[in-house]
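Notes for the one structure printed next.
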DNA sequence: GATGAATGAGGTTTCATTCAT
DNA sequence: CATGAATGAAACCTCATTCAT
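Residue numbers (full-length UniProt numbering), protein chains in the order written: chain A, 1 to 215; chain B, 1 to 215; chain C, 1 to 215; chain D, 1 to 215.
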């Protein structure tokens, strides 16, 4: 199931980077056109309004994330492994697609209805996978999580931060990054035994496939 | 040492809420004036440019945060207790001043030089207190932190998220919130013994004092 | 007959300099207030509107000039001497009061009716003295002037230019300046015999008296 | 070598007339748009800022004037004829292009750096041609000029005044105007013999050619 | 006298968008 | 496909001016 997303790639690529960098309201149409090597009038051949463009970006990114999470949830019974993979998925996605994820994380407020509602629904569905993993782990006596809602939010935000600073060209490999975050999350949940690194690779592969990235 | 902050309170209050809510570029001058019960021309009696207003807000908030962190660092030798208090400080600040903290966390990019540089310097000085607590704890063999820079960022982002959702009118008390985040952080750092909750109250008091809040 | 002019000297002095320097429309009220060491609200104790201020400045300067010209015309029968003195008067006034004269010369257009009309009337009355001197000289066979209107305008503009560049602190004395301009004008009018320098001193004295300047 | 000048003619034409008439600061953008039969937003298709427009006008006008002066200087050895032609050039330019020349003469102050510097440089280069003609004439014993700098300024200002009042629809022909000014200038310089009127026609032709005017 | 506070109108410039070519 | 031309609305900010204190 290919998720091409509709909009011309040049335009979407330019938009995602600019929206991530300067925010939706901080990005002008001409700026966008210039980044896409197009005149501002030509832009409108490839998109509806500026807001439609934003909505498309967010829907696309969230759908990919949700698909990946569903795949992990459907194939991983053990709550510890499942949560570790969700962490790896979230971290890898934010590391490899920092622009898209920052837009998703920061620009919901720039959407007006009904697009906002739809995006929020997707995001909630995605977070529900985290909620399930946490509650399953607590029910199984594996996790110590205090208020599970608080914990879920804390862990999600922790992982989302990656998009703000991680560079694939730096010293830290993506695998190590994912492993460290998984370890942090599991320890925070009270698991003293380590998570198996082997499983985390799966998450990285899913991310690559879902986004059409090499290897 | 009173930190009055300069700009007329009405204006600053309105600005901080709008900037937090809709972003700097998403907030218009007329909107701001209306929220401050002023004409848009009158606004300019109380501020320089819109960006000056933003810079003032950020400088003020970061200075308060930095002062509080310095106070904690100066009075708490044990790295575990120190980190727990820093977590409590960060969480309480984000819970009680969600508008200011979100502006600080999201709008650095909207600043142009030289204000940006100054704000970044303040933020770095603040994060340095976290870095010291973590490296002290690792040197003392109390923390297991993998790459300490990654850990620092992960924990900071985790705590910052509070500003996005916590409400003091909800079921969760501020003390419980701070305690849960401190527990999450210490466990993530590999401390299995619990942090003493007694100390955390100190952080709440500092926050209240530094921001001039009741109790 | 003292010509105090009404407006507080501080204000008028500041205004005249700014209007000369940046033009009427290029000068803001706050700028003016700052130059007069007053708040912009306080300005309005000393003046009506900004345009009233301009009109007052122009009326005052033109009245002084007109008085001086009348005095010269009334006391100098010979057209050559009369014109030489008018030149000296015009040049000295522009050299010693460059701000006032530039405002008079450049800002008539910034006046609206009825003030404009009044100022134009004064200016025309002043120029009439030049016209009389020239036509008297032609009638007496002393001047060769082609179209006398053209000549009058040419000579007036020639002399007015002094306000743009002459500095009393430079190498050229005021007397020399006046003498050179008088010589230029008389030669342009076809008088090959020199103008008597002694008379020109009279013009300088009149300027000083009319403007209340030392010596 | 065509000097088309860049900006859309409609806009430049409107601007030059308004700037001449009401001054740069006295001319509003909406006024300008209306005069160009454009909305104020559309104006910005054809220009950068209002100041860019002014700078373009001044650069263009000064370049034409400088070119013409260079041509005259290069082709006229005798200082008397040269000065007469420069006078004719200056007078004709001011008579035929009163708007452009008034803007050049009055609005240098409205320019900010670096445009101001550039314009001043052009103006100085132009005035240098006058300075050379005068000093050549003095060296050759043809001119009596007192302080040559004073004389240069006096003659230039005398001629510039034409833009303020001459109308090609009046009784005075352009040729007569130029001839009279040349005669005034040469007499002022102490030349009692008349300048040859034949040469002056050259100046008129150059002006027409340089500005793309008929005949 | 003097001024801080206030404002309606207007300043220049940019916005997202449309449409004829 | 692509774009230059065009625009109404709105952006931020400054204007000259008034008035209660």
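We put the beta carbon where it would ideally sit given N, CA and C, even for glycine.
These numbers were taken from a predicted model, which means no experiment stands behind them.
(Q) Does any residue of chain C have a CB that is nearer than 9 Å to the CB of residue 122 of chain D? (A) In the fourth chain, the residue the question calls residue 122 of chain D occupies position 122. Using beta-carbon distances, residue 122 of chain D does not count as an interface residue toward chain C, since no partner is under 9 Å.
(Q) Would residue 142 of chain D and residue 80 of chain D qualify as a contact pair, given that the criterion is a beta-carbon distance under 9 Å? (A) Indexing the fourth chain from 1 puts residue 142 of chain D at position 142. Indexing the fourth chain from 1 puts residue 80 of chain D at position 80. Closer than 9 Å, so yes.
Q: Please classify residue 11 of chain A: is it buried, with 16 or more other beta-carbons within 10 angstroms of its beta-carbon, or exposed?
A: Counting from one through the first chain, the residue named residue 11 of chain A turns up at place 11. Classification of residue 11 of chain A: buried, given that the 10 Å Cβ count is 16 or more.
Q: Compare the C-beta of residue 131 of chain D with all C-beta atoms of chain C and state if any pair is closer than 9 Å.
A: Position 131 of the fourth chain, counted from the first residue, corresponds to residue 131 of chain D. Judged by the 9 Å Cβ criterion, residue 131 of chain D is not in contact with chain C.
Q.
Do residue 68 of chain C and residue 119 of chain C count as a contact pair if the criterion is CB distance below 9 Å?
A. Translated into the one-based positions of the third chain, residue 119 of chain C becomes position 119. Translated into the one-based positions of the third chain, residue 68 of chain C becomes position 68. Contact flag unset, no.
Q. What runs of the alpha helix (DSSP H), each 4 residues or longer, lie entirely inside the stretch 75-134 of chain C?
A. If we require 4 residues or more, the alpha helix (DSSP H) runs fully inside the stretch 75-134 of chain C come out as 79-96, 98-106.
Q: Decide if the stretch 160-179 of chain C is in contact with the stretch 125-140 of chain D; the criterion is three or more beta carbon pairs, one per stretch, under 8 Å apart.
A: With a cut-off of 8 Å, the stretch 125-140 of chain D and the stretch 160-179 of chain C do not count as touching, because too few Cβ pairs lie within range.
Q) What are the uninterrupted segments assigned as beta strand (DSSP E) that are 3 or more residues long and contained completely in the stretch 40-78 of chain B, given in chain order? A) The DSSP assignment places no complete run of the beta strand (DSSP E) inside the stretch 40-78 of chain B (cut-off: 3 residues).
Q) Among the residues of its own chain, which have a CB less than 8 Å from the CB of residue 72 of chain B, if the five just before and after it don't count? A) As a working mapping, residue 72 of chain B is identified with position 72 in the second chain. 82, 85, 86, 89, 129, 202, 203, 206.
Q) Between the stretch 178-191 of chain D and the stretch 103-117 of chain D, are three or more C-beta pairs nearer than 8 Å? A) Fewer than three pairs of CB atoms, one per stretch, sit closer than 8 Å, so the stretch 178-191 of chain D makes no contact with the stretch 103-117 of chain D.
**Q.** Same chain, Cβ closer than 8 Å to residue 152 of chain D, neighbours up to 5 away in sequence not counted
**A.** To locate residue 152 of chain D, count along the fourth chain from 1; it is residue 152. Sequence-distant partners of residue 152 of chain D (beyond 5 residues in either direction) whose C-beta falls short of 8 Å from its own C-beta, in its chain, are 127, 130, 131, 134.
Q | Boundaries of the alpha helix (DSSP H) in which residue 224 of chain A is found, first to last residue | A | Given that chain A is displayed from residue 1 to residue 215, the structure contains no residue 224 of chain A and the question cannot be resolved.
Q.
Between residue 106 of chain C and chain D, is the shortest Cβ-Cβ distance under 9 Å, so that the two count as touching?
A. Residue mapping note: residue 106 of chain C aligns to position 106 of the third chain, counting from 1. Under the Cβ criterion of 9 Å, residue 106 of chain C is counted among the residues facing chain D.
Q) Checking contacts by CB at 9 Å: is residue 138 of chain B closer than that to chain A? A) Locating residue 138 of chain B in the second chain gives position 138, counting from the first residue. Contact of residue 138 of chain B with chain A is not assigned, every C-beta pair being separated by 9 Å or more.
Q) How is residue 211 of chain B classed by DSSP in three states: helix, strand or coil? A) As a working mapping, residue 211 of chain B is identified with position 211 in the second chain. DSSP places residue 211 of chain B in coil when its eight states are reduced to three.
Q: Starting from residue 31 of chain C, trace the alpha helix (DSSP H) both ways and give me its first and last residue.
A: As a working mapping, residue 31 of chain C is identified with position 31 in the third chain. Start and end: 29-35.
(Q) So the candidates are C:78, C:214, C:163; which of them puts its Cα closest to the Cα of residue 139 of chain C? (A) Position 139 of the third chain, counted from the first residue, corresponds to residue 139 of chain C. Its Cα nearest to that of residue 139 of chain C, the residue C:78 stands out among C:78, C:214, C:163.
Q) Is it true that the stretch 93-103 of chain B meets the stretch 16-29 of chain B, where meeting means three or more beta-carbon pairs spaced less than 8 Å apart? A) Put simply, the stretch 93-103 of chain B touches the stretch 16-29 of chain B. At least three CB pairs are less than 8 Å apart.
Q. Taking only beta-carbon atoms, is residue 25 of chain A less than 9 Å away from chain B?
A. Along the first chain, read from residue 1 onward, the residue named residue 25 of chain A stands at position 25. The beta-carbon of residue 25 of chain A is placed less than 9 Å from the nearest beta-carbon of chain B.
(Q) Within a Cβ cutoff of 7 Å, which residues of the same chain sit near residue 8 of chain B, ignoring the five residues on either side of it in sequence? (A) Locating residue 8 of chain B in the second chain gives position 8, where the first residue counts as 1. Answer for residue 8 of chain B: 46, listed in chain order.
**Q.** Simplified DSSP state of residue 137 of chain B, which is helix, strand or coil
**A.** Against the second chain, residue 137 of chain B aligns to sequence position 137. Here residue 137 of chain B sits in helix by DSSP.
Q) Apart from the five residues on each side of it in sequence, which residues of its chain come closer than 7 Å, Cβ to Cβ, to residue 27 of chain D? A) Position 27 of the fourth chain, counted from the start, is the residue given in the question as residue 27 of chain D. Taken in chain order, the residues that qualify are 18, 19.
Q: Enumerate in chain order the residues of its own chain whose CB-to-CB distance from residue 160 of chain C is below 8 Å, with the five nearest sequence positions on each side excluded.
A: As a working note, residue 160 of chain C is residue 160 in the third chain. Correct list, in chain order: 90, 94, 101, 105.
Q. Nearest to residue 33 of chain B by CA position, among B:13, B:23, B:52, is which residue?
A. Here residue 33 of chain B corresponds to residue number 33 of the second chain, with the count starting at 1. Selected option, being the one with the closest Cα: B:13.
Q.
Residues in the same chain with beta-carbon distance under 7 Å from residue 92 of chain B, minus the five sequence neighbours each way, listed in chain order, please.
A. Numbered from its first residue, the second chain carries residue 92 of chain B at position 92. Residues of the same chain with a CB within less than 7 Å of the CB of residue 92 of chain B, apart from the 5 flanking positions on each side, are 174, 178, 203, 204, 207 in chain order.
Q: State yes or no: is the beta carbon of residue 22 of chain D nearer than 9 Å to at least one beta carbon in chain C?
A: Locating residue 22 of chain D in the fourth chain gives position 22, counting from the first residue. Taking Cβ atoms only, chain C reaches closer than 9 Å to residue 22 of chain D, which makes this a yes.
Q) When the cut-off is 9 Å and only beta carbons count, does residue 151 of chain D lie next to chain C? A) Here residue 151 of chain D is taken as the residue at index 151 of the fourth chain, counted from 1. Interface residue, yes.
(Q) Assuming the contact rule is C-beta atoms closer than 8 Å, residue 154 of chain B and residue 213 of chain A should be a hit. Round their C-beta distance to whole Å, please. (A) Mapped onto the second chain, residue 154 of chain B falls at position 154. Mapped onto the first chain, residue 213 of chain A falls at position 213. Contact between residue 154 of chain B and residue 213 of chain A is ruled out by a C-beta separation of about 24 Å, above the 8 Å threshold.
Q. When the cut-off is 9 Å and only beta carbons count, does residue 52 of chain C lie next to chain D?
A. For the purposes of this step, residue 52 of chain C is taken as residue 52 along the third chain, with counting starting at 1. By the rule that beta-carbons nearer than 9 Å mark a contact, residue 52 of chain C does not touch chain D.
Q. Based on Cα-Cα distance, which residue from C:21, C:41, C:112, C:121 lies nearest to residue 22 of chain D?
A. In the fourth chain, the residue the question calls residue 22 of chain D occupies position 22. Relative to the Cα of residue 22 of chain D, the nearest Cα in the group C:21, C:41, C:112, C:121 belongs to C:112.
Q | Terminal residues of the alpha helix (DSSP H) in which residue 143 of chain A lies | A | Reading the first chain from its first residue, position 143 is the one you call residue 143 of chain A. Careful: residue 143 of chain A lies outside any alpha helix (DSSP H) and carries neither H nor E.
Q: Assign residue 188 of chain C to one of three DSSP states: helix, strand, or coil.
A: Counted from its first residue, the third chain places residue 188 of chain C at position 188. Residue 188 of chain C falls in the helix class under three-state DSSP.
(Q) Using C-beta distances below 6 Å, list every residue in its chain close to residue 40 of chain B, excluding the 5 sequence neighbours before and after it, in chain order. (A) Locating residue 40 of chain B in the second chain gives position 40, counting from the first residue. The residues 29, 30, 33, in chain order, have a CB closer than 6 Å to that of residue 40 of chain B in the same chain once the five nearest residues on each side in sequence are set aside.
**Q.** Delimiting residues of the alpha helix (DSSP H) encompassing residue 18 of chain C
**A.** On the third chain, residue 18 of chain C is found 18 positions in, with the first residue counted as 1. 9-22 is the span of the alpha helix (DSSP H), which, as asked, contains residue 18 of chain C.
Q.
Between A:66, A:70, A:25, A:76, which has its C-alpha nearest residue 53 of chain A's C-alpha?
A. Here residue 53 of chain A is taken as the residue at index 53 of the first chain, counted from 1. Among A:66, A:70, A:25, A:76, the Cα nearest to that of residue 53 of chain A belongs to A:25.
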